[in-house]
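The structure appears right after this line, and notes come after that.
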Amino acid sequence: MECCTPRVLGTIGAVLALLLAYRVTLSRTGLVSSLLQDTALGVVSRVCSHATQTEVTIDDIYIHPTVGAAGLRGVTVGVPEGFTKHPASMGNVSIVFEPATLVTGSVIRVLSVVVDAPQIVFEMNKRGNSVRAVYDAILQYSADRMRPFMVIEELVIRRGLVTLVASPDILELDPSLPRDVRLPRIHLSDIGVPSGLSFSGIFKHVADPLIINILATAEGLIDRHRATAGARADSPPPFPPPGAINATVA
Numbered sequence: 001m002e003c004c005t006p007r008v009l010g011t012i013g014a015v016l017a018l019l020l021a022y023r024v025t026l027s028r029t030g031l032v033s034s035l036l037q038d039t040a041l042g043v044v045s046r047v048c049s050h051a052t053q054t055e056v057t058i059d060d061i062y063i064h065p066t067v068g069a070a071g072l073r074g075v076t077v078g079v080p081e082g083f084t085k086h087p088a089s090m091g092n093v094s095i096v097f098e099p100a101t102l103v104t105g106s107v108i109r110v111l112s113v114v115v116d117a118p119q120i121v122f123e124m125n126k127r128g129n130s131v132r133a134v135y136d137a138i139l140q141y142s143a144d145r146m147r148p149f150m151v152i153e154e155l156v157i158r159r160g161l162v163t164l165v166a167s168p169d170i171l172e173l174d175p176s177l178p179r180d181v182r183l184p185r186i187h188l189s190d191i192g193v194p195s196g197l198s199f200s201g202i203f204k205h206v207a208d209p210l211i212i213n214i215l216a217t218a219e220g221l222i223d224r225h226r227a228t229a230g231a232r233a234d235s236p237p238p239f240p241p242p243g244a245i246n247a248t249v250a
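FYI, the numbering for the sequence shown is 1 to 250, going by the UniProt record's numbering.
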């Protein structure tokens with residue numbers, strides 16, 4: 001089974017916002033005019049922070065519109081309300097897109113997005129878990145009033161690592177067991193094909209398979225600690241989000 005995490009959704013949002021920011025600078029019809037005064041970096045950080053309800057920071061972005069290449073470095077998703085640890089820092093993100101669709105037509109065609117070596121924290125406490133906190137925020141994200149504007153033909157997340165953190169009243173972690181687990185590679189395809197999805201539409205379309213897979217991986221690690229150290233009976237159960245899209249083992 002493949003796996004990843006909603007923290008990666010902060011990066012997916014950054015990818016979308018990066019291309020959106022460039023299109024904004026071209027004064028495309030139907031975009032919010034107030035964004036025209038923002039820098040691309042500011043647009044990316046603001047849109048992602050709003051969608052995830054955390055502070056998303058990005059060290060650097062680049063875009064080469066004539067050759068169809070873009071990327072992000074140093075993406076960090078902040079702490080959800082009620083939790084203590086930064087849920088993720090991202091590795092390098094590379095994007096390949098059709099240059100002509102960035103400046104003409106109604107739909108930007110992204111050929112591939114690769115997220116390399118994200119580092120994720122899965123924190124559990126009486127409020128639940130930090131994965132669900134970001135998932136719920138994304139589901140509630142409804143500020144998107146733009147028409148469909150993007151398809152992503154292929155999205156790959158690789159070499160991810162998740163670290164388990166838990167409050168002692170929920171789960172006593174066994175110091176002899178690992179708290180880290182490597183995430184299997186995830187491969188999503190044909191997101192928004194053929195007519196495109198809006199910003200929040202892509203967020204929500206990607207969220208379900210990511211959540212399903214991160215829980216499957218995290219639960220294996222949690223079960224190992226429960227078996228040796230025990231856990232309270234009122235430990236928050238996992239949550240099953242509905243449905244999934246094309247998620248295939250590579």
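Ideal Cβ positions, reconstructed from N, Cα and C, are used throughout, including at glycine.
| request: Give the straight-line distance between the Cα atoms of Asn125 and Val103, rounded to the nearest whole angstrom. | output: Here the question's residue 125 lines up with position 125 in the sequence shown. Here the question's residue 103 lines up with position 103 in the sequence shown. Cα to Cα, Asn125 sits roughly 46 Å from Val103.
| Does DSSP classify Leu215 as helix, strand or coil? | Within the sequence shown, the letter at position 215 stands for residue 215. If DSSP states are grouped into helix, strand and coil, Leu215 belongs with the helices.
| request: Mind reading off the beta-carbon distance from Leu171 to Arg226? Whole number of angstroms is fine, and I expect it under 8 Å. | output: The residue given as residue 171 occupies position 171 in the sequence shown. The residue given as residue 226 occupies position 226 in the sequence shown. Leu171 to Arg226, Cβ: 7 Å. Contact.
| said: I'd like the list of long-range same chain contacts for Thr67, defined as Cβ closer than 8 Å, with 5 residues on each side in sequence excluded. | reply: Walking along the sequence shown from the start, residue 67 turns up at place 67. Per the sequence presented here, residue 67 reads as Val, with Thr not at that position. Same-chain partners within the cutoff: Pro99.
| field | Reduced DSSP secondary structure (H/G/I, E/B, other) of Ile120 | value | In the sequence shown, counting from the first residue as 1, residue 120 sits at position 120. Of the three classes helix, strand and coil, the one that applies to Ile120 here is strand, per DSSP.
| Three-state secondary structure (DSSP) at Gly201? | Locating residue 201 in the sequence shown gives position 201, counting from the first residue. Looking at Gly201 - three-state DSSP - the assignment turns out to be helix.
| request: Determine the contact status of Gly91 and Ala70, defining contact as a CB-CB distance below 8 Å. | output: Position 91 of the sequence shown, counted from the start, is the residue given in the question as residue 91. Position 70 of the sequence shown, counted from the start, is the residue given in the question as residue 70. Against a cut-off of 8 Å, the Cβ pair of Ala70 and Gly91 comes out as no contact.
| query | What is the DSSP secondary structure of Arg224, counted as helix, strand or coil? | reply | If you number the sequence shown from 1, residue 224 lands on position 224. Helix, per DSSP.
| Three-state class that DSSP yields for Arg159 in the structure shown | Counting from 1 along the sequence shown, the entry for residue 159 is found at position 159. If DSSP states are grouped into helix, strand and coil, Arg159 belongs with coil.
| Local conformation of Thr29 per DSSP, three classes | One-based indexing of the sequence shown puts residue 29 at position 29. Reliability fails at Thr29, whose pLDDT of 37 lies under 50, so the model's placement of it is uncertain and no value is given.
| query | Are the beta-carbon atoms belonging to Phe122 and Leu164 less than 8 Å from one another? | reply | Sequence index remark: in the sequence shown, residue 122 carries index 122 (1-based). Sequence index remark: in the sequence shown, residue 164 carries index 164 (1-based). Yes, the pair counts as a contact, with Cβ atoms nearer than the cut-off.
| task | Compute the distance between the beta-carbons of Leu215 and Val181, then report whether it is under 8 Å. | result | If you number the sequence shown from 1, residue 215 lands on position 215. If you number the sequence shown from 1, residue 181 lands on position 181. No, they are not a contact pair.
| request: Over the uninterrupted alpha helix (DSSP H) stretch that includes Val103, give me the two end residues. | output: Reading the sequence shown from its first residue, position 103 is the one you call residue 103. Per DSSP, Val103 belongs to the alpha helix (DSSP H) from 99-103.
| message | Rounded to the nearest angstrom, what separates Ser195 and Asp174 at their Cα positions? | response | Position 195 of the sequence shown holds residue 195. Position 174 of the sequence shown holds residue 174. Their Cα atoms are separated by approximately 50 Å.
| task | Keeping to the same chain, check which residues put their C-beta closer than 6 Å to that of Val114; ignore five residues upstream and five downstream. | result | Stepping through the sequence shown from its first residue, residue 114 is reached at position 114. Ser94, Val156, listed in sequence order.
| said: Give me the residue from Asp136, Ile202, Leu111 with the minimum Cα distance to Glu153. | reply: On the sequence shown, residue 153 is found 153 positions in, with the first residue counted as 1. Among Asp136, Ile202, Leu111, the Cα nearest to that of Glu153 belongs to Leu111.
| task | Quick one: grab the DSSP three-state call for Val107. | result | For the purposes of this step, residue 107 is taken as the residue at position 107 of the sequence shown. Of the three classes helix, strand and coil, the one that applies to Val107 here is coil, per DSSP.
| said: Quick check on the DSSP output: the beta strand (DSSP E) that includes Ile191 runs from which residue to which? | reply: For the purposes of this step, residue 191 is taken as residue 191 along the sequence shown, with counting starting at 1. 186-191 is the span of the beta strand (DSSP E), which, as asked, contains Ile191.
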